[in-house]
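Taking it in order: structure first as structure tokens, then the write-up.
What follows is the structure in structure tokens.
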């Protein structure tokens, strides 16, 4: 941990720069007209994703272990759950986008008698 400034690592500075850039870019997009305002959503999600990756996948441990212990660890555990969460969110978004199409499908009246 020799590369710290004020006792804080570089990851905190990267997260701060990412969120400052996201806030500036989001403010610019919110002042735009038309559908460009919706660009704030991907900017926010990208900043959130970068933050979660930096928090959940640290490069070095906070404290070095006193001795090396052989331990079987599933290294893809967090990645699989992140992938599961993303796939579940996409599924739910797709489902809720298709529900209005199903419920709002027109039902035409049929004639009682035809001549």
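In the UniProt record's numbering, the protein residues as written are 1 to 115.
For each residue, glycine too, the CB sits at the ideal point set by N, CA and C.
- For residue 92 and residue 6, the gap between their C-alpha atoms comes out near 43 Å.
- The way I'd put it, the segment 72-83 doesn't touch the segment 31-42; fewer than three beta-carbon pairs between them come closer than 8 Å.
- When the Cα atoms are used, residue 34 and residue 43 turn out to be separated by approximately 17 Å.
- The C-beta distance from residue 50 to residue 18 rounds to 5 Å, short enough to fall under 8 Å.
- Judged by DSSP secondary structure, residue 81 falls within the alpha helix (DSSP H) whose first and last residues are 77-103.
- Taking 8 Å as the cut-off, the Cβ atoms of residue 11 and residue 54 count as close.
- Distance from the CA atom of residue 105 to the CA atom of residue 76, rounded to whole angstroms, is 43 Å.
- An exposed status is given to residue 32, since fewer than 16 other beta-carbon atoms sit within 10 Å of its beta-carbon.
- Distance from residue 56 to residue 78 at the Cβ level is roughly 5 Å; contact confirmed, criterion being Cβ atoms closer than 8 Å.
- For residue 18, the secondary structure class from DSSP, reduced to helix, strand or coil, is helix.
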